[in-house]
Each structure stands twice: as C-alpha cells, then as structure tokens.
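According to this note's numbering, the sequence shown holds residues 27 to 556 in order. Glycine included, C-beta positions come from ideal geometry on N, C-alpha and C.
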Amino acid sequence: MPDKVFIFDTTLRDGEQSPGCSMNLPEKIEMARQLDRLGVDILEAGFPIASHGDFEAVKAIAAEIRRPMIAALARANELDINRAWEALREAARPRIHTFLATSDIHLQYKLHKTREEILKMISWAVGHAKSRCQDVEFSPEDAGRTDRGYLVECCQAAVEAGATVLNLPDTVGFCLESDYEQMFRDVQTRVRGMDRVALSTHTHDDLGMAVANTLAGLRGGARQVECTINGIGERAGNAALEEVAMILRVRRDALPLYTDIRSEEIYASSLLLTRLTGMNVQRNKAIVGRNAFAHEAGIHQDGVIKNAITYEIITPQTVGMPSNSIVLGKHSGRHALAKRYEDLGYQLTKPELERAYALFTQLADRKKNIYDEDLLAIVNEDFQHIPELYALKLFQSVSSNDGRSTATLELEKDGATFHDSATSEGPCDAAFRAIDRITGMPGTISDFSVHTVGPGTDGVAEVRIRARFDGREFAGKCTSHSVVEAAARSYLQAANKAAYDSKRTGEAVSVGRVSVHKSETVDRLFPGGY
Ligand code: KIV
Ligand code: ZN
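Written as structure tokens, this is what we have:
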C-alpha cells in the first residue's frame, strides 16, 4: 500500500517573500482558493509578524479556506508566536510553524547565542506555541549545515515540548541528496518519540537540487513536503510543487508514494500565480512551461502523431493544459469562448464573459487567430482586483531620434479628469513621469520586460512592470499593439495598486524583506532611458 505524502504549500509565505513575488490581500485570497482547489494539505498563508498585510492575509485565509490546514510562520519568540496565533484563531485546522536557526554559522554570526541558549529557546517556543495550538511545526533553520549530533538534540527538545511536525530545511540549498536523505534517517532513528511526529522536507534550489533533495528526504522517511507553485521562493526558489507531484504520480513504480494533488489544476495554479505576481516561468520549465509539451523536431512530431507515448510521459491534459485543437477567430461565439476559458481554469461570470467577449471580438477584428495567450491577456488586464482609482482616458506619445520624448495623458478619478505631460529620454519614461505628475506618487521602475503575445507578426506586446512607490513594490501587466501604451497602462496599474494599498493599510514591522534593485533587464533593454 503506497504511503501518502502531505503537500505543504508555502507559495504565500516562502514564495511570496521573495523579490518580485509580492501579492496584495485580494490576490493572496484568490491564490489560496486555487491552492484549495489544487488539493494541497497544508497551506502556509504567511508570516503574520512581518507586516500588517501579512497578518490580514493569514487571518482572512484562515477564516475562509476550511479544508486544508492553515499554517502561519513565527520566529521562536513570544511576540511572533502570539501574533501568528491571533491571525490563525479562526482557522478550522490551524498550525503554528515556529523556527530557529541551529547551525553554528547562524548561531555565531546571526543570533550571537550559544548552543545551550538555542536549546532552551526551542523548548520554550514550541511549548508556548503548543499552549495556543495543538498542531505545532518546528524548523531548525539551516538544518542542512547543522552539526548532526546537535540537530538531534534540537529536534529532541522540540518533540519533548510538543512539536507534531519536524521540518528539516536545507535553507541555503547546499545539501547533496545523500546528505539530505541521511539527515532524515538520523533524526528518525536517534530522536525519541518520533512515532508521534511527522518529518517534513523544505529545500531550496541554489544548486538546482531542490526537487531531487525533496525526493531524497522522502526516501529518508519524510511524509510532508514543503514546496511552492512554479518553484518560487527565496533566491533560486523552493522545490516546485508541480514537479514533486508529477514525479510521484508518473514514477509510482519506483516510489510507492502518492499525493492528493488534483493534477488537472496544476496549470491553472501556475497561470494564476504568474498573473498575480507578474513573475513568468521559463519556457522550458518542467510541467508548466510553454514548451513543456511542444514537440518541435520533425522526428519527434512524427513519433507523437503515430503514438504520443513515444515522446510524451505526461499528457498536457493531465496537468490541465488545454490542447489547442480548435483555434478561436472572429466567428467564434460566446459558448466557445466560455469553454476555452474554462479549459484555462477561469469560470467567468456572465458579466465577465460579456466583457471578455467584447474585447475578444475587438481583437479578432485585428488578428486572424486568437491564441490562449491572447485570451489570458484579456482576462489578466481586465479583471484586476484593484479598484481603478485612476483610469486612462487618453494617451499620446511623441518621440524623436534625438533622445527626447513627450507623453500626454488624461486620467479620470472619481469622475474628474486630469491632464498632464512630461518629457524624458525615452517614451515609456515620459509616460510614467506624466502619470506621476497626475497621481502625485513618484515611482521607480525595478523591472520592465516586453514579450510578444501569441505567434505571428500580428502579435500584441505584453509589458510587465514592477515599480516601487514609497518603498513598496507593485506589479502591473498590460498588452497593446503599442509597446509604449502597454507600458503606460502597466505602470498605471502598479500605481493604482500602490494608491489602494496606502489607503487600505499603514505597514507595521517589516521582517526580512529583501529590497529589489533596478534589474539588469531595464539596463539591457533600455540603456539610455525607457
Ligand atoms: O528555508 C528555511 O529555512 C525556511 C524556514 C523558515 C522553514 O523557510
Ligand atoms: Zn525556505
């Protein structure tokens, strides 16, 4: 009988805290709903002490999402644990996840504490969490580089204080598979009372080993896996949920394990995260990349036509990727459109379908074939969660080859119209500055990328922007036949999010957020100004 592997999703915590992946409250709730549909067992909703926004998100998710367990992260101190519990209170099945670094490197340089002090802190913190919540997970941070004998002592202290899950993180993505597997075997055999405690993997991808190490942890006895959609997470990311889930499904012959992940929801989850964060997955990304099921070489195509099994170990349908056998065009009706959206993971309401259909027909007048990417662009742009404080009414851009560009914009807010113009080196920057002048919120671009949507020369430009307003970063994404207009609209979207956010909340303590700097993409694409 195969054993169940519990999927602990940390997209909204380890994933969300990485640069370029932040989400606001409605976005986190939408992602949490999708993770529920996907069938994750435990959903780590955030790190409540980190900010007011994180606290609110955990609280709202705990109140709404009832099937999976909801976890919240806390450092091993009273303030963090109390705050995590306050956010989790309403959860049907809450879990406090507390952590403390245990490697000598962290003890010496980060915490300035002795091993004895850390042992006491673990006992106290797990005990305190347990006094609030039945289900307590403890993570010895940097377990992968912790002296093995001391790691066993730390885990023993956590188990004796009531931990129900021991998560052994390879925090810096340093372990080889053999090290990681052995660590689980050692903890399993050397810590007393493990019959009441589940072991969990948590791996980072700094050396490209996150998924391989997750499997090693499972071979060593872990039955919970911490992972994220699209593998987002600190630095190089965490183990990708979709890869772990599909390996366990496709290679059950070699690993007698299973998960309760509904694989047909994988693609929709990946797309949704991309839409919410603006963080694209690489084309050749396993399972969810655009090329993951594309057979280009003639010999491969020939084989797949004869029998897909020749070159396909998973069908696109298994992960919910729609097959493009029917191409939509100007003669397609609402029913076909609704069906294609359903295949892409969107259940549109009637008014949403009407809106999408209107935009679809406009596009179909200009473009012969409409591809999935076009349809996604329509919903992504038009079904934003943030109320459009400023709406773009008119846009004009003039640029010359002497490095001077001017943009004129008309924005509407609460029924009133505002005009302004700005001049800069590049046409996009001129548009951004004109927007700044109207909104009174100057922003700086931290990332800017342009793609064409759909194949062919009639493809539209998709611009993704990340912009910082008052120290906080927001994403925007828009498509248009004009790159400059798409850029202006994307920037305005980010500015609207910033305005909404500053209206909604004043941020509290910020813990460990990494600041994002102007990316290479900006410099490479627009050396003289964009
Ligand atoms: O990587 C890590 O060590 C973590 C812990 C907080 C579990 O994310
Ligand atoms: Zn981590």
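Given 8 angstroms, three or more beta-carbon pairs between the region 177 to 190 and the region 150 to 159: Touching, yes.
Check: D161 C-beta below 7 angstroms from any heavy atom of the ligand KIV: Position 135 of the sequence shown, counting from 1, holds the residue named residue 161. Distances between the C-beta of D161 and the heavy atoms of the ligand KIV are all 7 angstroms or more.
Span of the alpha helix (DSSP H), counted from its first residue to its last, around D106: Along the sequence shown, one-based indexing puts residue 106 at 80. Run containing D106: E104 to L114, per the alpha helix (DSSP H) assignment.
Cβ shell of G247 (< 7 angstroms), same chain only, five flanking positions each side left out: Here residue 247 corresponds to residue number 221 of the sequence shown, with the count starting at 1. When the five nearest sequence neighbours on each side are left out, the beta carbons in the same chain lying within less than 7 angstroms of the beta carbon of G247 are those of F210, R211, Q214 and L225, in order along the chain.
Nearest neighbour of G359, chosen from T341, G346, E380 and M347 [CA to CA]: For the purposes of this step, residue 359 is taken as the residue at position 333 of the sequence shown. E380 is the residue among T341, G346, E380 and M347 whose C-alpha sits nearest the C-alpha of G359.
Cβ pair N256, V314 closer than 8 angstroms: Working through the sequence shown from its first residue, we reach residue 256 at position 230. Working through the sequence shown from its first residue, we reach residue 314 at position 288. Contact: yes.
CB contact flag (M435, I404, <8 angstroms): What you label residue 435 is simply residue 409 of the sequence shown in a count that begins at 1. What you label residue 404 is simply residue 378 of the sequence shown in a count that begins at 1. For clarity, residue 435 is Leu in the given sequence; the question names Met instead. The beta carbons of L435 and I404 sit no closer together than 8 angstroms.
Burial state of V424 (16 or more Cβ within 10 Å): Stepping through the sequence shown from its first residue, residue 424 is reached at position 398. It counts as exposed.
Which listed residue (I491, T254, I122 and T505) has its alpha carbon closest to that of A88: Within the sequence shown, numbered from 1, the residue matching residue 88 stands at position 62. Closest option to A88, Cα to Cα, is I122.
Per DSSP, the bridge partner or partners of Q250: Walking along the sequence shown from the start, residue 250 turns up at place 224. Residue pairing by DSSP places Q250 opposite F32 and S226 in a beta bridge.
Under 8 angstroms between C-beta atoms of T128 and I107: Counting from one through the sequence shown, the residue named residue 128 turns up at place 102. Counting from one through the sequence shown, the residue named residue 107 turns up at place 81. T128 places its beta carbon 8 angstroms or farther from that of I107.
Whether V486 touches S506 by CB criterion (8 angstroms): Residue 486 sits at position 460 when you count from the first residue of the sequence shown. Residue 506 sits at position 480 when you count from the first residue of the sequence shown. A contact, by the Cβ cut-off of 8 angstroms.
Beta-carbon proximity of A312 to S289, cut-off 8 angstroms: Position 286 of the sequence shown, counting from 1, holds the residue named residue 312. Position 263 of the sequence shown, counting from 1, holds the residue named residue 289. Their beta carbons are not under 8 angstroms apart, which means A312 does not touch S289 by this criterion.
Contact test: E260 Cβ vs the ligand ZN heavy atom, cutoff 7 angstroms: Numbered from 1 along the sequence shown, position 234 holds the residue referred to as residue 260. Answer for E260: yes, Cβ within range of the ligand ZN.
Inter-stretch contact at 8 angstroms, needing at least 3 Cβ pairs: the region 171 to 179 / the region 222 to 242: When C-beta atoms of the region 171 to 179 are compared with those of the region 222 to 242, fewer than three pairs fall below 8 angstroms, so the two segments do not count as touching.
Burial state of K332 (16 or more Cβ within 10 Å): For this step, residue 332 is matched to residue 306 along the sequence shown. Under this definition K332 is an exposed residue.
Any non-hydrogen atom of the ligand ZN within 7 angstroms of V154 CB: Translated into positions along the sequence shown, residue 154 becomes position 128. Reading off the sequence, residue 154 comes out as His, not Val. Not so, every heavy atom of the ligand ZN lies at least 7 angstroms from the Cβ.
Alpha helix (DSSP H) segment containing T240, residue limits: Reading the sequence shown from its first residue, position 214 is the one you call residue 240. First-last of the alpha helix (DSSP H) with T240: A236 to R245.
Under 8 angstroms between C-beta atoms of N433 and A417: In the sequence shown, the residue the question calls residue 433 occupies position 407. In the sequence shown, the residue the question calls residue 417 occupies position 391. Asn is not the amino acid found at residue 433; the sequence shown has Ala there. It is not a contact, given that the beta carbons lie outside the stated cut-off.
For G65, three-class secondary structure by DSSP: The count along the sequence shown starts at 1 and reaches residue 65 at position 39. Looking at G65 - three-state DSSP - the assignment turns out to be coil, as it is neither helix nor strand.
Residue span of the beta strand (DSSP E) that contains F164, given as start and end: For this step, residue 164 is matched to residue 138 along the sequence shown. Per DSSP, F164 belongs to the beta strand (DSSP E) from V162 to E167.
Range of the contiguous beta strand (DSSP E) that encloses F444: Counting from one through the sequence shown, the residue named residue 444 turns up at place 418. A442 to S450 is the extent of the beta strand (DSSP E) around F444.
Three-state secondary structure (DSSP) of P74: Numbered from 1 along the sequence shown, position 48 holds the residue referred to as residue 74. The three-state secondary structure of P74, taken from DSSP, is coil.
Proximity test, S226 beta-carbon vs the ligand KIV heavy atom, cut-off 7 angstroms: For the purposes of this step, residue 226 is taken as the residue at position 200 of the sequence shown. No, the Cβ of S226 stays beyond 7 angstroms of every heavy atom of the ligand KIV.
Between the CA atoms of K356 and R392 - distance to the nearest angstrom: Reading the sequence shown from its first residue, position 366 is the one you call residue 392. Reading the sequence shown from its first residue, position 330 is the one you call residue 356. As the crow flies, the alpha-carbon of R392 is around 9 angstroms from that of K356.
Contact under 8 angstroms by Cβ, A71 with R101: Stepping through the sequence shown from its first residue, residue 71 is reached at position 45. Stepping through the sequence shown from its first residue, residue 101 is reached at position 75. For A71 and R101, no; Cβs fall outside 8 angstroms.
Collapsed DSSP secondary structure at T547 in the structure displayed: For the purposes of this step, residue 547 is identified with residue 521 of the sequence shown, where counting begins at 1. Below a pLDDT of 50, predicted positions are generally treated as unreliable, and T547, at 32, falls in that range; no measurement from the model is reported.
Check whether D398 and P348 have beta carbons under 8 angstroms apart: Here the question's residue 398 lines up with position 372 in the sequence shown. Here the question's residue 348 lines up with position 322 in the sequence shown. Annotated as proximal: D398 and P348, with beta-carbon spacing under 8 angstroms.
Closest by C-alpha distance to D428, when choosing among D446, F200, S450 and Q422: Mapped onto the sequence shown, residue 428 falls at position 402. That would be S450, whose Cα lies nearest to the Cα of D428.
Spatial distance of D67 from A118 (CA atoms): Position 41 of the sequence shown holds residue 67. Position 92 of the sequence shown holds residue 118. If I take the Cα positions, the gap works out to 13 angstroms.
Sufficient close CB pairs (3 or more, under 8 angstroms) joining the region 35 to 52 to the region 271 to 282: No, the region 35 to 52 is not in contact with the region 271 to 282.
H138: CB within 7 angstroms of a non-hydrogen atom of the ligand ZN: Here residue 138 is taken as the residue at index 112 of the sequence shown, counted from 1. Because no heavy atom of the ligand ZN lies under 7 angstroms away, the Cβ of H138 does not count as near it: no.
Beta carbon of D473 nearer than 8 angstroms to that of R498: Looking up residue 473 in the sequence shown gives position 447. Looking up residue 498 in the sequence shown gives position 472. Taking C-beta atoms as the reference points, D473 and R498 fail to come closer than 8 angstroms.
Unbroken alpha helix (DSSP H) run spanning V276, endpoints: Here residue 276 is taken as the residue at index 250 of the sequence shown, counted from 1. First-last of the alpha helix (DSSP H) with V276: L267 to V276.
Test item: CB-CB of T36 and E291 under 8 angstroms: For the purposes of this step, residue 36 is identified with residue 10 of the sequence shown, where counting begins at 1. For the purposes of this step, residue 291 is identified with residue 265 of the sequence shown, where counting begins at 1. Annotated as distal: T36 and E291, with beta-carbon spacing of 8 angstroms or more.
N264: CB within 7 angstroms of a non-hydrogen atom of the ligand ZN: Taking the sequence shown and counting its residues from 1, one reaches residue 264 at position 238. Relative to the ligand ZN, N264 has its C-beta within less than 7 angstroms of a heavy atom.
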